Amino acid sequence: MKDILTAPFMVEMIRTVTNMYAHGWDERNGGNVSLMLDENEVSEYLDTNKILREISIGFTAPKLAGKYFLVTGTGKYFKNMQYDPAKNMGLFRLNKNGDTAELLWGYSDGGRFTSELPAHLMSHIARLEVNPENHVVMHCHPANLLAMTYVHSLDEREFTRTLWQMCTECIVVFPDGVNVLPWMLCGTNEIGEATAAKMNTARLVVWSQHGIYGAGADLDETFGLIETAEKAAEIYMKIAHLPLVTTISDEQLKTLAAAFKVTYREGYLN
Ligand code: 2HA
Ligand code: ZN
3 MKDILTAPFM VEMIRTVTNM YAHGWDERNG GNVSLMLDEN EVSEYLDTNK ILREISIGFT
63 APKLAGKYFL VTGTGKYFKN MQYDPAKNMG LFRLNKNGDT AELLWGYSDG GRFTSELPAH
123 LMSHIARLEV NPENHVVMHC HPANLLAMTY VHSLDEREFT RTLWQMCTEC IVVFPDGVNV
183 LPWMLCGTNE IGEATAAKMN TARLVVWSQH GIYGAGADLD ETFGLIETAE KAAEIYMKIA
243 HLPLVTTISD EQLKTLAAAF KVTYREGYLN
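Per the numbering used here: the sequence shown = residues 3 to 272.
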């Protein structure tokens with residue numbers, strides 16, 4: 003068996019959460035990431051018959067039965083991930099019933115997966131229906147997106163239009179827009195179900211006064227989605243209190259969508 007710490011998926015995961023921390027998106031134990039893996043990727047590094055522990059997930063996800071996931075740990079700090087990956091993350095397979103995590107590696111101090119596992123796995127299911135290549139769900143607390151949920155309408159069309167108007171490339175990066183949940187209690191199956199329902203129509207879901215969820219084919223794409231939305235929110239927070247003299251018009255947004263051949267969210271432009 004090869005050393006799992008040299009696996010490309012492991013190296014990329016550690017680099018990504020370290021970078022998320024460096025961006026200020028993941029204070030203390032804030033944020034969580036899940037990466038779906040193929041059995042043949044995992045079996046180069048781990049004996050997939052050697053289950054270390056079984057951990058109930060508290061709901062059932064039969065559509066993900068038998069799937070492998072690398073998931074950040076509950077209460078763990080992204081700041082520390084690179085120094086002790088086996089303590090701060092775990093790799094598990096969901097059992098045949100889709101209700102138990104079969105731990106194959108990690109959570110070495112007796113820990114377990116993020117408290118937001120319902121939102122992660124339910125979002126994986128929702129995104130896989132739209133894009134069979136989806137592998138990543140990412141949650142974090144970027145300051146400007148969060149700030150925006152205190153001063154901007156939470157209407158999804160309005161929220162999306164504002165972000166599209168803040169940087170020219172936003173409509174190209176997230177033509178599907180940003181969906182928005184009102185404040186809800188985190189760490190529950192209810193917020194997981196609500197997030198997954200929002201993931202049917204967009205890869206970004208804002209949790210008002212809390213943070214954001216992103217989904218994508220790989221870690222780079224998902225990071226880039228959140229990074230772009232957060233940059234737009236930063237521009238908004240810099241200008242929202244100033245007189246608006248110029249913006250990107252709906253005609254210009256349509257020109258961008260046509261030039262970059264993206265299908266923008268229906269009905270979101272006038
Ligand atoms: O504690 O971000 O939403 C990690 C979180 C919970
Ligand atoms: Zn959070």
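Here a beta-carbon is modelled for each residue, glycine too, at the ideal position from N, C-alpha and C. Given the structure is predicted, the values throughout are model-derived calculations rather than measurements.
Coarse secondary structure for residue 107, derived from DSSP in three states: Position 105 of the sequence shown, counted from the first residue, corresponds to residue 107. In this structure, residue 107 counts as strand in the three-state DSSP scheme.
Closer than 8 Å: is that where the CB of residue 118 sits relative to any heavy atom of the ligand ZN? Numbered from its first residue, the sequence shown carries residue 118 at position 116. Residue 118: yes, Cβ under 8 Å from the ligand ZN.
Just checking residue 162 against the ligand 2HA - is the residue's beta carbon closer than 8 Å to any of the ligand's heavy atoms? Your numbering for residue 162 matches position 160 in the sequence shown. Every heavy atom of the ligand 2HA is 8 Å or more from the Cβ of residue 162, so no.
How is residue 91 classed by DSSP in three states: helix, strand or coil? As a first step, residue 91 must be located in the sequence shown, where it is residue number 89. Residue state, collapsed to three classes: strand.
Using a Cβ-based criterion (distance less than 8 Å to any ligand heavy atom), does residue 32 qualify as near the ligand ZN? Indexing the sequence shown from 1 puts residue 32 at position 30. Under cutoff, so the answer is yes.
Beta-carbon proximity check, residue 32 vs residue 213, cutoff 9 Å: Taking the sequence shown and counting its residues from 1, the one referred to as residue 32 is at position 30. Taking the sequence shown and counting its residues from 1, the one referred to as residue 213 is at position 211. The answer is yes: Cβ separation under 9 Å.
So, are the CB atoms of residue 191 and residue 61 less than 9 Å apart? Sequence index remark: in the sequence shown, residue 191 carries index 189 (1-based). Sequence index remark: in the sequence shown, residue 61 carries index 59 (1-based). Cβ atoms of residue 191 and residue 61: closer than 9 Å.
Residue(s) in a DSSP beta bridge with residue 34: Here residue 34 refers to the residue found at position 32 when the sequence shown is read from its first residue. Looking at the DSSP assignment, residue 34 forms a beta bridge with 141.
As a quick exercise: from 87, 58 and 157, pick the residue whose alpha carbon is nearest that of residue 5. Here residue 5 refers to the residue found at position 3 of the sequence shown. Ranking 87, 58 and 157 by Cα distance to residue 5 puts 87 first.
Helix, strand or coil: which one does DSSP assign to residue 210? Here residue 210 refers to the residue found at position 208 of the sequence shown. Coil.
Can you tell me whether residue 209 sits near the ligand ZN, meaning its C-beta is under 8 Å from at least one heavy atom of the ligand? Here residue 209 corresponds to residue number 207 of the sequence shown, with the count starting at 1. Because some heavy atom of the ligand ZN lies under 8 Å away, the Cβ of residue 209 counts as near it: yes.
What separation, rounded to the nearest whole angstrom, lies between the Cα atoms of residue 134 and residue 17? Your numbering for residue 134 matches position 132 in the sequence shown. Your numbering for residue 17 matches position 15 in the sequence shown. If you take the alpha carbons of residue 134 and residue 17, they lie about 25 Å apart.
I need the straight-line Cα distance from residue 120 to residue 195, nearest angstrom please. The sequence position of residue 120 within the sequence shown is 118, counting from 1. The sequence position of residue 195 within the sequence shown is 193, counting from 1. Going by the C-alpha atoms only, they are around 8 Å apart.
Over the uninterrupted alpha helix (DSSP H) stretch that includes residue 21, give me the two end residues. For the purposes of this step, residue 21 is identified with residue 19 of the sequence shown, where counting begins at 1. Element bounds for residue 21: 10 to 24.
Beta-ladder partner(s) of residue 58, from DSSP: To locate residue 58, count along the sequence shown from 1; it is residue 56. BP columns for residue 58 point to 102.
In terms of residue numbering, what span does the beta strand (DSSP E) encompassing residue 271 cover? Taking the sequence shown and counting its residues from 1, the one referred to as residue 271 is at position 269. Run containing residue 271: none; DSSP gives neither H nor E here.
I'd like to know if the region 198 to 218 and the region 7 to 15 are in contact, where contact means that at least 3 CB-CB pairs between them fall below 8 Å. no
Below 8 Å, is the gap between the Cβ of residue 213 and the nearest heavy atom of the ligand ZN? What you label residue 213 is simply residue 211 of the sequence shown in a count that begins at 1. Answer for residue 213: yes, Cβ within range of the ligand ZN.
Return the chain-ordered list of same chain residues with a C-beta closer than 6 Å to the C-beta of residue 36, the five sequence neighbours on each side being excluded. Here residue 36 is taken as the residue at index 34 of the sequence shown, counted from 1. If we look at residue 36 and ignore the five residues flanking it on each side, its Cβ neighbours are 71, 73, 122 and 139.
Is the separation between the beta-carbon of residue 156 and that of residue 15 shorter than 9 Å? Position 154 of the sequence shown, counted from the start, is the residue given in the question as residue 156. Position 13 of the sequence shown, counted from the start, is the residue given in the question as residue 15. Result no, Cβ atoms of residue 156 and residue 15 do not sit closer than 9 Å.
State the DSSP-derived secondary structure class of residue 80, mapped to helix, strand or coil. Within the sequence shown, residue 80 is the residue found at index 78, counting from 1. Correct three-state label for residue 80: helix.
At the level of alpha carbons, what is the spacing between residue 116 and residue 75? Your numbering for residue 116 matches position 114 in the sequence shown. Your numbering for residue 75 matches position 73 in the sequence shown. Roughly 5 Å between the two C-alpha positions.
Determine the closest residue to residue 240 out of 149, 252 and 185, with distance taken between C-alpha atoms. Numbered from 1 along the sequence shown, position 238 holds the residue referred to as residue 240. If we check each option's Cα against that of residue 240, 149 comes out closest.
Segment limits, beta strand (DSSP E) that includes residue 85: Position 83 of the sequence shown, counted from the first residue, corresponds to residue 85. No beta strand (DSSP E) holds residue 85; DSSP gives it neither H nor E.
From 105, 49, 20 and 202, residue whose alpha carbon lies closest to that of residue 85: Numbered from 1 along the sequence shown, position 83 holds the residue referred to as residue 85. Checking every option, the nearest Cα to that of residue 85 belongs to 20.
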